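Just so we're aligned: the sequence shown equals residues 284 to 456 in this note's numbering. Even glycine gets a Cβ: it sits at the ideal position worked out from N, Cα and C. A quick note: this is a predicted structure, and the numbers were derived from the prediction, not measured.
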Amino acid sequence: MIFRKATMADVPHIHRLINHYAQQGLMLRRPLMRLYESVRDFAVAEDGGAIMGTGGLHMLWHDLAEIRSLSVHPDRVGQGIGRGLVEFMLAEAQGLAVPRVFAFTYKPGFFAKCGFAVVKKEILPQKVWKECVYCDKFHDCDEIAVINYLSPGARPPQEEEIPLVDVPRWKVD
């Protein structure tokens, strides 16, 4: 099994895997176009030339990333592919010096085995909810938030520590 960054050629396979689980209501559906646009976020598990799993590491802020769309081929569940993908993405986050990685999941036990802890959704910044508006369960979310603090001493920022971004205004003459 090879864990690697996704390529454009992998996108149709990623699309099939993700949408297999989306049809069951287990994750958000991802349109093909959005996957091509965000292919750099994704990693794949390849075995003998076939894509057996995928997951995305999406950067949200300088100190926070999300693992999203973690999917394993239904015939290969329970064979360490999901864990390998999570480890691959956590290593990528560490390489980018991102101290916190979170996920929304229905399988907190799986993520606990990968070093994550269950947290209240409210500790996450509002920015993490931007994809949630596309979910049928948006107003009654039943997913569980989990987080991995990769850096010693990493913790959720206090409200007063969250920087306000000053956006310059363009002048039109």
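Closer than 8 Å by C-beta to M291: which residues in its own chain qualify, once you throw out the five before and the five after it? Chain order, please.
In the same chain as M291, and ignoring 5 residues on each side of it, the C-beta atoms closer than 8 Å to its own belong to Y319 and V322, in chain order.
Use the C-beta contact count for R317: other C-beta atoms within 10 angstroms, 16 or more gives buried, fewer gives exposed.
Counting the other CB atoms within 10 Å of its CB gives R317 a total below 16, which places it among the exposed residues.
In this structure, does DSSP put F371 in helix, strand or coil?
The three-state reading of DSSP puts F371 in helix, counting H, G and I together.
Would M342 be called buried (16 or more neighbouring beta carbons within 10 Å of its own) or exposed?
Counting Cβ neighbours within 10 Å, M342 comes out exposed, since fewer than 16 surround it.
For V401, does the count of other Cβ atoms within 10 angstroms reach 16, so buried, or fall short, so exposed?
The C-beta of V401 has fewer than 16 other C-beta atoms within 10 Å across all chains shown, which makes the residue exposed.
Do you know how far the Cα of F286 is from the Cα of R313?
C-alpha separation (whole angstroms): 21 Å.
How should A328 be labelled, buried or exposed, when 16 other C-beta atoms within 10 angstroms of its C-beta is the threshold for buried?
Around the beta-carbon of A328, 16 or more other beta-carbon atoms lie within 10 Å, marking it buried.
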